[in-house]
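Student:
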Amino acid sequence: MFLRTSLPLLLLVLAPASAGAGGTRSFHLGDFDDFDAGEAEGAAIEGSGKVTVGLVPARGEVKGAASVFSCAADPKDKGAVYLGTADKSAVQRIKLTTPSKAGAAEPAATKLAELPGAVVSALTTLPGGDVLAATLPGGTIHRIDAKGKVSEFAKLAVDQIWALVPHEGRLLVGTGPKGELFSLDMSGKDPKVVLDSDEKDILAVLPVGKDVVVGTSPGAKVLQVGPASDGVLVHDFAGDEVRALALVEGGLVAAVNDFSDRGLSSVQALTKNLNRTSLVGQPAEGTLDATSGGGGAQSSADLFFVALGAKRDLARASEATWESWLHKDKQYFTGLLAGGKGSEVLVSASQQGKVYRVRGRRDVATVADLDERQATALCRLGDGAVLATTGDGAGAYRLAVAPAQKARYRTKVLDAKQPSTFGAVYLRGKGVTLRARSGPGEEPDKRWSEWKPVGLKKEGDALAGALALPTRRFVELEVTLADGGELRDVQLFYAPENLAPLVAGVDVARPEFELGDDDEPEGKLTIKWKAEARDDDDLVYEVRVRPEGTSDKEWISLSGAEQVTKKEYKWDLDSVPDGVYEAQVIASDEPSNGIARAARDEVVSAPFVVDHKRPAIDGVKVSGLAITGTASDEGGQIHDVAFSVDGGPFRAASPSDGLFDTGREGFQLTLPEPLAPGRHRVVLRARDAFGNIGSHAVIADK
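Under mature numbering (1 follows the signal peptide of the UniProt record, and there is no 0), the letters of the sequence shown match residues -21 to -1, 1 to 681, in that order.
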């Protein structure tokens, strides 16, 4: 029962889990989420992060449909169930007891009635045994007797019906798109709107004593309806929909879905899968590929619990803390069913046909990993067993029927990012055998290698083996468990082909100074560069310089034996002659690959000037309060000219031609008023682009 998928639901802490010297990396699986991203056949994934031999379900075939969307137990036959199908809207019936023997035909559902519409969105039964079925689009509830005769039970002025729930001798109906909860008598008459909410859809309806709580979309709210309450807000979740609710010992559980495309719900995801926008009566808002987890809108799912106390006090749900019991990314939850023990609840998910058993924050297990990509609904049979339905391939499964004759666990396809050599593998567990395969694509196909057995031997507290696989980017492991076997931890070492680092450019920044600085800046150039390790290697750098136009033999290392780890280097110019230079940066991934396997990349900067010479000021003329002159610099352009009167602060002079942009610039200034009569000492200061300062003093009379 392996599900073919390429989904990185969680990255398993895997890609890579760790990196070591010499280019060695490893994948690691060690907890529940790691193992849950893989596939199990006859194996159970326990919340403690352990894979053991589990129970296998009994599968039933559902023909003539793309998906099963809803289910309801047959009250007259404890092992039978009614199924509501999608694509071809129909109600079918099936009875499942034990798993089929290898090679034997699976039990098949029989069609009770075909209905108009695209999907049977909700099912329940009447006290006499007749079936009630709601179909989309529209507000019709159909009544089907034991012989398959169909009649209209009720027709409501709504576009969608999402829930049919008997309560206190009446039938509750959750609808959309106006967020109304209807109540009808058990003959389909006397329809009343008992809740007219501000939401679009009532997706979940759950009786709690004489009261009822409902889950909504798109606001993800839980509302309470009862004799003393009319749409009281119980809780407002940070999500898009409360898809399902369940009452367990001690509290209330809610399945909450959140979609990156606001307004998109799991109902619209169903529309996408069926290629039927008519399911919601209008084009779906956004897209969601619920079967692949890639592309389209992204989703996440959370399971929350709130304690209600022994008396099931719903008021506590408004004031007590809702605990997060389970979180899953890139999927949404489709159904909830209270378990048989304490606070246990079963959760069906849109991803990989998974059904989870949750008993608290730290007690989660995968109890079913079905062939089809989605588990769509859960229902309790009359004999106490649990039935799960599937989509993206219609099926029905009676869960946990018999001990597995063969238990296998297969990891998700592990991505090494580059073609890699796969080496040692270590398993912690007992009673296991291992095989592996590698390939060039994320989906295993004919290009992949055949499965190759991997011999294991005891090494410390682990079972060690070595993979002999073609050098490929992707790898997959499969562990078979004997009776009593278990798998607790997996670590696989690999070495990807080394990608050379990439140096994108080298920039040289002159010494920094501000226009108001009175002193020359620190005599250092800052050499900066951009570099990328395309395979996540750690990088080190060497920085070298040479006079422009000289040979490669003239390169001088600035960093010497020191390995530079930052992407900049400050070059002290105190002993460097004036001239034009080039800088070179060499990047190496030696820390990750070792000196023998290290790859390098190097880039040379544009030529730059080193200038120590100070500007000169000459040709100064004083005429009253006006002063003119010329500032010149041999190494570059004049940056600014300033003046100070009688030791006061420096003020800016003006360029004669409006620009300081060459190595020789005329300047002019007028001494500011008020100025006392008499002689005044004026210091003229010229600064070049390197921050070098030259000065000249004159006397001005007033």
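Cβ coordinates follow ideal geometry from the N, Cα and C atoms, glycine included.
What are the boundary residues of the beta strand (DSSP E) that P526 is part of?
Tutor: P526 -> beta strand (DSSP E) spans V519 to P526.
Student: Would you give the residue range spanned by the alpha helix (DSSP H) that D15 belongs to?
Tutor: Looking at the DSSP string, the run of the alpha helix (DSSP H) that includes D15 is F11 to D15.
Student: Per the DSSP calculation, A610 is bridged to which residue(s)?
Tutor: Per DSSP, I596 and E644.
Student: What are the boundary residues of the alpha helix (DSSP H) that S571 is part of?
Tutor: E569 to R576 is the span of the alpha helix (DSSP H), which, as asked, contains S571.
Student: What residue range does the beta strand (DSSP E) around A233 cover?
Tutor: First-last of the beta strand (DSSP E) with A233: G230 to F238.
Student: Roughly how many angstroms lie between the CA atoms of D517 and Y473, to the nearest whole one?
Tutor: When rounded, the distance between both Cα atoms is 17 Å.
Student: State buried or exposed for G158, treating a residue as buried only when at least 16 other CB atoms are found within 10 Å of its CB.
Tutor: Buried, by the Cβ-count rule.
Student: For R630 and F622, what's the separation of their Cα atoms in angstroms?
Tutor: About 5 Å.
Student: Hey, out of E20, F6, S5 and I24, whose CA is closest to F14's CA?
Tutor: Of the candidates E20, F6, S5 and I24, the one whose C-alpha sits nearest the C-alpha of F14 is I24.
Student: Short check: CB of K189 to CB of G210, under 7 Å?
Tutor: Result no, Cβ atoms of K189 and G210 do not sit closer than 7 Å.
Student: If you pair each beta-carbon of the stretch 411 to 427 with each one of the stretch 448 to 458, do three or more pairs fall below 8 Å?
Tutor: Enough Cβ pairs lie closer than 8 Å, so yes.
Student: Would V519 and S538 qualify as a contact pair, given that the criterion is a beta-carbon distance under 7 Å?
Tutor: No, the pair does not count as a contact, with Cβ atoms beyond the cut-off.
Student: Which same chain residues, not among the five before or five after A52, have their C-beta less than 7 Å away from its C-beta?
Tutor: So the list reads V60, C358, R359, L360 and G361, once near-sequence residues are dropped.
Student: Less than 7 Å between the C-beta atoms of A395 and S46, yes or no?
Tutor: No; because the gap between Cβ atoms is not below 7 Å, this pair is not in contact.
Student: So what does DSSP say about P262, is it helix, strand or coil?
Tutor: Low confidence applies to P262: its pLDDT is 33, below 50, so where it sits in the model is not reliable, and the reading given next is rough at best. Three-state result, P262: coil.
Student: Taking C-beta to C-beta, are S162 and V173 nearer than 7 Å?
Tutor: A contact, by the Cβ cut-off of 7 Å.
Student: Note the first and the last residue of the continuous beta strand (DSSP E) segment covering S327.
Tutor: Run containing S327: V324 to A328, per the beta strand (DSSP E) assignment.
Student: Per DSSP, what are the beta-bridge partners of T89 in this structure?
Tutor: For T89, which the question treats as bridged, DSSP gives the partners R72.
Student: Is the beta carbon of G670 closer than 7 Å to that of A492?
Tutor: According to the sequence displayed, residue 492 carries Phe and not Ala. Contact: yes.
Student: Taking R295 and L282 to be in contact with their CB atoms under 8 Å, please state how far apart those CB atoms are, rounded to whole angstroms.
Tutor: The pair is not a contact, with the Cβ atoms about 18 Å apart (cut-off 8 Å).
Student: What are the partner residues of K385, as DSSP defines its beta bridges?
Tutor: Looking at the DSSP assignment, K385 forms no beta bridge with any residue, so it has no partner.
Student: Hey, quick one: how far does the beta strand (DSSP E) through A59 stretch, first residue to last?
Tutor: A59 -> beta strand (DSSP E) spans A59 to A65.
Student: Following the continuous alpha helix (DSSP H) through L297, name the residue where it begins and the one where it ends.
Tutor: First, the residue type needs correcting, since residue 297 is Ser and not Leu in the sequence shown. Here the alpha helix (DSSP H) through S297 covers R295 to E298.
Student: Tell me which same chain residues have a C-beta within less than 6 Å of the C-beta of V583, skipping the five on either side of it?
Tutor: Hits under 6 Å: E561 and Q563.
Student: Leaving aside the five residues before and after V524 along the sequence, list all residues of the same chain whose C-beta is less than 8 Å from its C-beta, in chain order.
Tutor: Only W534, I535, L537, W550, Y560, E561, A562 and Q563 meet the Cβ criterion.
Student: When you compare only the Cα positions, how much space is there between E228 and P197?
Tutor: Looking at the two C-alpha atoms, the distance is approximately 28 Å.
Student: How many Å lie between P490 and D667 at the Cα?
Tutor: Cα to Cα, P490 sits roughly 11 Å from D667.
Student: With a CB to CB cut of under 6 Å and the five nearest residues on each side skipped, what residues in its chain are close to G434?
Tutor: For G434, where only same-chain residues beyond five positions count, the Cβ hits under 6 Å are G444.
Student: What is the rounded straight-line gap between the Cα of L258 and the Cα of L151?
Tutor: With a pLDDT of 37 at L258, under the threshold of 50, the modelled position of that residue is not reliable, and the figure given next carries that caveat. Each residue's Cα considered, the two are about 21 Å apart.
Student: At the level of alpha carbons, what is the spacing between L267 and Q277?
Tutor: Residue placement at L267 is flagged as unreliable, the pLDDT there being 33, under the threshold of 50; a coordinate-derived value is accordingly withheld.
Student: What residue does the beta strand (DSSP E) around D667 start on, and which one ends it?
Tutor: Unbroken beta strand (DSSP E) run through D667: R658 to D667.
Student: Leaving out five residues before and five after D680 in sequence, what residues of the same chain have Cβ atoms less than 6 Å from its Cβ?
Tutor: Here the set comprises R658.
Student: Kindly indicate which three-state DSSP category K309 falls into: helix, strand or coil?
Tutor: In this structure, K309 counts as coil in the three-state DSSP scheme.
Student: Mind checking I574: buried by the 16 CB within 10 Å criterion, or exposed?
Tutor: I574 comes out exposed.
Student: Can you list, in chain order, the residues of its chain whose CB lies under 6 Å from that of H306, leaving out five sequence neighbours each side?
Tutor: If we look at H306 and ignore the five residues flanking it on each side, its Cβ neighbours are D281.
Student: G418: buried (16+ other C-beta within 10 angstroms of its C-beta) or exposed?
Tutor: The residue is buried, with at least 16 neighbouring Cβ atoms inside 10 Å.
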